[in-house]
Amino acid sequence: MKVTKLFKMALSSVWSNKMRSFLTMLGIIIGISSVIVLVGIGQGTNKQVTEQIESLGTNLITVSITGNRTATITDQELADLKTKPGIKEIAPALTSGSVNVKAGTKSATTSLEASTPSYEEIRKISVSAGRFINDIDLEQRYKVLVIGSETADNIFGTTDVVGKTMYVNGIEFNIVGVLTPQGSTSAGSSDDRIILPLSTAERLLQTTKIRSFYVEAKDKDSVSEAMSYLQLFLNKKYNNDTKSYRVFDQTSLLQTASTTTASLTAMLGGIAAISLLVGGIGIMNIMLVSVIERTREIGIRKAIGAKRSSILLQFLIESASISSLGGIIGVLLGYLGGYGAQNLFKMNVYISGNVVIGAFVFSVLVGIVFGMYPANKASKLNPIDALRFE
């Protein structure tokens, strides 16, 4: 029998039992759409993290003091490091995860960052209005700040806030600049923050302990040289206790982030793929029921000369058709789900063509693999016994 005729017979059987076929393919639909959405979220997160890390440049080095070390970095030590070969600029960083900000009747909590004017260049940030902190602010300990666009909007209802005043932990500050929006990451919003002169923040937070700083190497080729000097300095300062500090450049950070997000994506995809296997079991069960219901039909076909391969192929086409239709619907729902996650929940979703093709091909394979046993059982039926079946 021609393959085209077998396809027509298989599709006719699927169409004649529309509700049963739909319920059978439901597991495939849920599985495919879940795989596409979850893998899309994983890939979107990876893409965003990669872009943000790369945007900071390949010559950025981050140093963090870890543990309970009381010996933190001094201004003189940073000045000495800046003279080392390969190092172009250094920006110390003082952070506070939560400070209270208020203007008029509006108040909120935001994150505080404090540094020197070089922070702007090293961290690749810019202002959309006003200016960044300068050397005079630092020397005179002026109570000025640069505000993130989200923080400005939360407190003032607008980003046109240069020249206005705002209270930080009860102390009045003058707003001298508004940061250019950078968007959100998995760690939070980059636009919900304020940046103060380091000297001013030290007085505000009553601490002079610098536990992290950023180093800009002269160029990409100077990174390893700068890293060597930093390692030498830190080993000497902390008596070769490498657990007291962390030094990493953008390349290693990118590799770590890529590995982490790839593992997350694989885990999410694996969880979603379980429902595909459940859908495959559903296809096998319904095809076994179909074989029993059509036993006499199979017997008649065999009695008039139908080959075993024709019977086998017909049932395989039926199971593959069900899973393929489920795959197509699942892909469409996956795209809709990804669109909804991106626009309604502000998630980063990136659905690649390879994922869509791979998910669809997998759905077809599920139909073939789980349809093999029922199809084989149908092809092996004895025509005499099949004709006697009631």
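Taking full-length UniProt numbering, the leading residue of the sequence shown gets 1, the next gets one more, and so forth.
Even for Gly, the Cβ is constructed at its ideal location relative to N, Cα and C.
In the structure shown, the three-state DSSP call for residue 165 is strand.
In this structure, residue 238 lies away from residue 93, with their beta-carbon atoms at least 9 Å apart. Taking the CA atoms as reference points, residue 357 sits about 15 Å from residue 29. Out of 297, 97, 301, the CA that lies nearest to the CA of residue 189 is found in 97. Taking 9 Å as the cut-off, the Cβ atoms of residue 61 and residue 248 count as close. For residue 353 and residue 291, the gap between their C-alpha atoms comes out near 37 Å.
The bridge partners DSSP lists for residue 130 are 177. A check of alpha carbon separations from residue 12 across 384, 319, 374, 378 identifies 319 as the nearest. The criterion of a C-beta distance shorter than 9 Å is not satisfied by residue 366 and residue 298.
Around residue 78, the same chain offers 90, 92, 213 as residues with beta carbons nearer than 7 Å, after the five sequence neighbours per side are excluded.
Taking a 10 Å sphere around the C-beta of residue 76, we find fewer than 16 other C-beta atoms and assign the residue as exposed. Here residue 276 has 27, 28, 31, 32, 35, 362, 363, 366 as same chain residues with Cβ atoms under 8 Å from its own Cβ, once five neighbours each way along the sequence are excluded.
The beta carbon of residue 312 lies closer than 8 Å to those of 375, 376, 378, 379 in the same chain, with the five residues before and after it left out. Cβ-Cβ distances below 7 Å link residue 131 to 176, 177 in the same chain, with the five nearest sequence neighbours on each side left out; the list follows chain order. A check of alpha carbon separations from residue 125 across 23, 57, 254 identifies 57 as the nearest. Going by DSSP, residue 110 is part of no alpha helix (DSSP H) but of the beta strand (DSSP E) stretching over 106-115. Under DSSP, the beta-bridge partners assigned to residue 248 are 62.
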